[in-house]
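*Asks:* Handing you this structure, nothing more for now.
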Amino acid sequence: MSIMLQKAVTPKMTTAYLERGLDRVSGYLVPASDAASVTTTEGLFELHGLSFRGSPFALDQPIDILHVPPSPSITTIPATGGTDQRSRQATGGTFIEHEPFTGTGFATTGDVMVPLMWLEQTRIPTGARLWRFSPGSDEPELIGTYHGPAFGWQNHLADDEFHAVPPSKLVGFVAKFDGEAYSADVTLDEDDKPQVVTLVSHTEPQIGGFRQTDAGIWARKVLAENAEVFTLRATSTWHDLPVRVVDQGPGPDGQASVHIVSLAHDAIAAEKAGFSRLDAGVYVKTVPQDDVGKIVYTQQVPRAWATEEQMEKAAEAARGRAFTGAGTGPTPQVQVKPTGDADGPMSQHAGRMQRIAQGLASVLPADWKQAQVLLRVAGRKGEFTVLYTGEDDQRKPLKGVPADVGKALTEIKAASADPKTGTWLTGLVTLERSGKMTLSTDRTSPPRWNKEPEAAEYAEELRRYPRDEEHIPDWLREKIAEAEDDSSPER
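Counting from 1, one number per residue, gives the positions in the sequence shown under the UniProt record's numbering.
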């Protein structure tokens with residue numbers, strides 16, 4: 001993930017960050033640059049969906065926003081799905097979540113519509129900042145800065161004190177040095193390659209060179225060429241649900257225990273199984289290690305950092321399969337073949353179409369034959385569906401599609417606007433394995449929604465993308481009239 005992300009942080013998490021030095025983040029978030037114009041607590045409350053059941057947020061209280069810098073250790077997926085099994089199947093999405101979750105893959109407030117994604121639990125990247133937005137205030141207040149696992153959080157509300165927790169090797173970077181594995185922070189050079197690695201330990205290591213930081217953590221810097229850097233992902237099952245193990249250690253009774261996070265993306269199933277909800281979309285539990293299934297450990301290296309030896313090992317291990325998500329292999333490259341007229345949509349939006357193709361290629365399985373991206377948008381509401389066809393000729397939902405795919409198609413919609421005819425309401429991108437790619441759009445027919453938006457969204461669509469009277473179809477006129485009736489003071 002190469003963009004800054006932002007997430008609303010609960011009051012308890014703010015306390016855990018600034019007073020204890022907690023170093024992890026997960027849950028729903030949005031691109032910070034796309035949401036930069038949203039600075040009021042009312043707007044942030046709506047954009048981040050903070051009215052969920054049991055929410056600790058309130059409109060008359062400050063809202064803390066964490067800015068998460070880009071990092072190769074970050075794994076995100078589009079937040080598509082529904083509020084139950086039926087609506088999740090209808091969208092072909094991944095999540096079952098409580099309202100106000102819509103499952104469209106977008107978050108909205110006012111004129112702003114941004115991609116909504118879910119972040120798998122990870123160590124907070126160095127340089128993250130925690131901002132406090134207060135009701136009626138023109139500017140947010142910087143209340144905390146995360147300086148990496150060696151120094152932890154700098155609490156700007158308490159004389160810039162530093163607080164850090166012992167970092168887990170099961171989230172964030174790990175480095176092997178002199179035969180030992182350490183939690184690590186990585187400093188990059190101008191080419192975004194590892195230059196310096198900071199080795200971190202909560203106890204003083206036997207080898208020399210370590211110094212204790214103001215946060216009480218032992219740290220040592222070494223050249224990246226002398227260390228092997230990777231991330232370690234541990235997965236298992238608990239009560240038949242997939243989980244990620246993010247920490248291990250003795251429990252209060254001395255028994256080996258594990259701290260797990262649900263990967264089921266199903267709020268109802270997680271609550272039924274006995275998980276505790278840390279935040280919307282984040283379900284955690286500490287259980288005896290004997291209670292979980294077999295723990296599978298996967299060592300992963302960011303593609304851009306992989307050595308030739310690591311690339312060769314990955315290629316051998318991945319015979320016949322496509323690389324997906326974080327891993328050591330190269331991202332599959334798809335070159336879109338030009339189709340249509342020189343001034344047609346494929347030529348006009350070539351760069352954005354290439355982004356869509358490349359995003360799909362990064363997650364498509366080895367046996368794919370065709371992939372389709374369908375976007376329906378009216379005003380601030382949208383539905384995003386991605387399907388692929390394999391060798392069995394069955395259409396299936398495609399999981400883990402990068403958020404940039406939906407963003408690029410949304411940009412195409414905006415760029416296609418015409419002052420006379422407006423822009424399209426339904427867009428369909430089809431990618432063939434040969435590289436042939438087509439874009440089909442519809443400006444006149446009503447979208448075939450899984451969940452019909454309110455009539456006001458059609459009025460908002462016309463406000464954003466005006467049309468001449470002759471280009472407003474009858475069904476859209478009816479929707480506009482319905483919206484006007486709904487807003488009438490007599491109702």
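Each residue gets a CB set at the ideal place from its N, CA and C atoms; glycine is no exception. Please read all numbers here as calculations on a predicted model, not as lab measurements.
To which residues does DSSP link I96 through a beta bridge?
*Replies:* Here residue 96 refers to the residue found at position 96 of the sequence shown. G82, D266.
*Asks:* If I'm right that G382 touches T104 with Cβ under 8 Å, what's the distance once you round it to whole angstroms?
*Replies:* Along the sequence shown, read from residue 1 onward, the residue named residue 382 stands at position 382. Along the sequence shown, read from residue 1 onward, the residue named residue 104 stands at position 104. Contact holds; Cβ gap of about 5 Å.
*Asks:* Let me make sure I understand the geometry here. Which of A456, D290, A264 has the alpha-carbon closest to that of Y283?
*Replies:* As a first step, residue 283 is located in the sequence shown; it is residue number 283 there, counting from the start. Nearest C-alpha to Y283: A264.
*Asks:* Quick one: what's H163 bridged to in DSSP?
*Replies:* Looking up residue 163 in the sequence shown gives position 163. Its beta-bridge partners are W153.
*Asks:* Quick one: using the 10 Å Cβ neighbour count with 16 as the cut-off for buried, is E460 buried or exposed?
*Replies:* Residue mapping note: residue 460 aligns to position 460 of the sequence shown, counting from 1. So E460 ends up on the buried side.
*Asks:* Can you give me the start and stop residues for the alpha helix (DSSP H) that E470 sits inside?
*Replies:* On the sequence shown, position 470 is the one that residue 470 refers to. Here E470 belongs to no alpha helix (DSSP H), and DSSP marks it neither H nor E.
*Asks:* What is the DSSP secondary structure of E190, reduced to helix, strand or coil?
*Replies:* Counted from its first residue, the sequence shown places residue 190 at position 190. In the structure shown, E190 sits in coil (DSSP, three-state: anything other than H, G, I, E or B).
*Asks:* How is the beta strand (DSSP E) around R233 delimited, first residue to last?
*Replies:* Position 233 of the sequence shown holds residue 233. That run of the beta strand (DSSP E) goes 228 to 238.
*Asks:* I'd like the span of the alpha helix (DSSP H) that includes G406, first residue to last.
*Replies:* For the purposes of this step, residue 406 is taken as the residue at position 406 of the sequence shown. 403 to 415 is the extent of the alpha helix (DSSP H) around G406.
*Asks:* What are the partner residues of Q299, as DSSP defines its beta bridges?
*Replies:* Taking the first residue of the sequence shown as 1, we reach residue 299 at position 299. DSSP output for Q299 lists L232 as bridge partner(s).
*Asks:* Look at D23 and I124 and say whether their C-beta atoms are less than 8 Å apart.
*Replies:* The residue you call residue 23 lines up with position 23 of the sequence shown. The residue you call residue 124 lines up with position 124 of the sequence shown. Against a cut-off of 8 Å, the Cβ pair of I124 and D23 comes out as a contact.
*Asks:* Please check the pair A184 and V197, which I expect to be a contact at CB under 8 Å, by giving their CB distance rounded to whole angstroms.
*Replies:* By one-based count along the sequence shown, residue 184 stands at place 184. By one-based count along the sequence shown, residue 197 stands at place 197. Sure, about 5 Å apart at Cβ, within 8 Å.
*Asks:* Is there contact between the stretch 122 to 140 and the stretch 85 to 94, where contact requires at least three CB pairs shorter than 8 Å?
*Replies:* They do not touch, by the three-pair rule.
*Asks:* Ignore the nearest five residues each way along the sequence and tell me which others in V38's own chain have a CB closer than 8 Å to its CB.
*Replies:* The residue labelled residue 38 in the question sits at position 38 within the sequence shown. Result list for V38: L44, L47, T109, G110, V112, in chain order.
*Asks:* Around the C-beta of A342, are 16 or more other C-beta atoms found within 10 angstroms, so that it is buried, or is it exposed?
*Replies:* Stepping through the sequence shown from its first residue, residue 342 is reached at position 342. Any reading at A342 must be qualified, since the residue scores a pLDDT of 48, below 50, and its modelled position is unreliable; the value itself is stated next. Its Cβ having fewer than 16 others within 10 Å, A342 is exposed.
*Asks:* Span of the beta strand (DSSP E) holding G249?
*Replies:* Locating residue 249 in the sequence shown gives position 249, where the first residue counts as 1. Here the beta strand (DSSP E) through G249 covers 241 to 250.
*Asks:* In whole angstroms, give me the CA-to-CA distance for E139 and L130.
*Replies:* The sequence position of residue 139 within the sequence shown is 139, counting from 1. The sequence position of residue 130 within the sequence shown is 130, counting from 1. Approximately 13 Å between the Cα atoms of the pair.
*Asks:* Rounded to whole angstroms, what is the Cα-Cα separation between A326 and Q300?
*Replies:* One-based indexing of the sequence shown puts residue 326 at position 326. One-based indexing of the sequence shown puts residue 300 at position 300. Residue confidence is low: A326 scores 38 on pLDDT, short of 50, so the model does not pin down where it sits. No coordinate-derived value is stated.
*Asks:* Helix or strand or just coil, what does DSSP make of Q370?
*Replies:* In the sequence shown, counting from the first residue as 1, residue 370 sits at position 370. Reduced to three states, the DSSP call for Q370 is strand.
*Asks:* What is the DSSP secondary structure of W305, reduced to helix, strand or coil?
*Replies:* Position 305 of the sequence shown, counting from 1, holds the residue named residue 305. Residue state, collapsed to three classes: helix.
*Asks:* Label R352 either buried or exposed according to how many other C-beta atoms from any shown protein chain fall within 10 Å of its C-beta, with 16 as the threshold for buried.
*Replies:* As a position in the sequence shown, residue 352 is number 352, starting the count at 1. Under this definition R352 is a buried residue.
*Asks:* Would you please state the rounded distance, in angstroms, between the beta carbons of A403 and P115? I believe it to be under 8 Å.
*Replies:* The sequence position of residue 403 within the sequence shown is 403, counting from 1. The sequence position of residue 115 within the sequence shown is 115, counting from 1. So it is a contact: roughly 4 Å between Cβ atoms.
*Asks:* Can you tell me the Cβ-Cβ gap for K396 and L387, rounded? I've got them flagged as a contact below 8 Å.
*Replies:* In the sequence shown, residue 396 corresponds to position 396, counting from 1. In the sequence shown, residue 387 corresponds to position 387, counting from 1. That belief holds up - the Cβ atoms of K396 and L387 are roughly 7 Å apart, short of 8 Å.
*Asks:* Name the two residues that bound the continuous alpha helix (DSSP H) containing R464.
*Replies:* Position 464 of the sequence shown, counted from the first residue, corresponds to residue 464. Run containing R464: 455 to 464, per the alpha helix (DSSP H) assignment.
*Asks:* Could you compute how far the alpha carbon of L66 sits from the alpha carbon of R220?
*Replies:* Taking the first residue of the sequence shown as position 1, residue 66 is located at position 66. Taking the first residue of the sequence shown as position 1, residue 220 is located at position 220. Cα-Cα distance, rounded: 28 Å.
*Asks:* Do A417 and Y465 have their CB atoms nearer than 8 Å?
*Replies:* Residue mapping note: residue 417 aligns to position 417 of the sequence shown, counting from 1. Residue mapping note: residue 465 aligns to position 465 of the sequence shown, counting from 1. Closer than 8 Å, so yes.
*Asks:* Determine the burial state of T410: buried for a count of at least 16 other Cβ atoms within 10 Å of its Cβ, exposed for fewer.
*Replies:* Here residue 410 is taken as the residue at index 410 of the sequence shown, counted from 1. Classification for T410: buried.
*Asks:* Pull up the CB-CB distance for L481 and A456, whole angstroms please, since I reckon it's below 8 Å.
*Replies:* On the sequence shown, position 481 is the one that residue 481 refers to. On the sequence shown, position 456 is the one that residue 456 refers to. According to the sequence provided, residue 481 is Ala. The question's Leu does not apply to it. No, A481 and A456 are not in contact; Cβ-Cβ is about 12 Å, not under 8 Å.
*Asks:* Over what stretch of residues does the beta strand (DSSP E) that includes P397 continue unbroken?
*Replies:* By 1-based counting over the sequence shown, the position of residue 397 is 397. Note, P397: beta strand (DSSP E), 395 to 397.
*Asks:* Determine contact between the stretch 421 to 437 and the stretch 51 to 68, defined as no fewer than three beta-carbon pairs at a distance below 8 Å.
*Replies:* The stretch 421 to 437 vs the stretch 51 to 68: no contact.
*Asks:* If the criterion is Cβ atoms closer than 8 Å, does the pair R179 and H163 meet it?
*Replies:* As a first step, residue 179 must be located in the sequence shown, where it is residue number 179. As a first step, residue 163 must be located in the sequence shown, where it is residue number 163. As written in the sequence, residue 179 is Gly, which differs from the Arg given in the question. Contact: no.
*Asks:* Check whether the Cβ atoms of G127 and P149 sit closer than 8 Å, and answer yes or no.
*Replies:* Looking up residue 127 in the sequence shown gives position 127. Looking up residue 149 in the sequence shown gives position 149. No; because the gap between Cβ atoms is not below 8 Å, this pair is not in contact.
*Asks:* With distance defined between alpha-carbon atoms, name the residue in W449, T76, H98, K413 nearest to A269.
*Replies:* Residue numbering aside, residue 269 sits at position 269 when the sequence shown is read from its first letter. The option with the nearest alpha carbon to A269 is H98.
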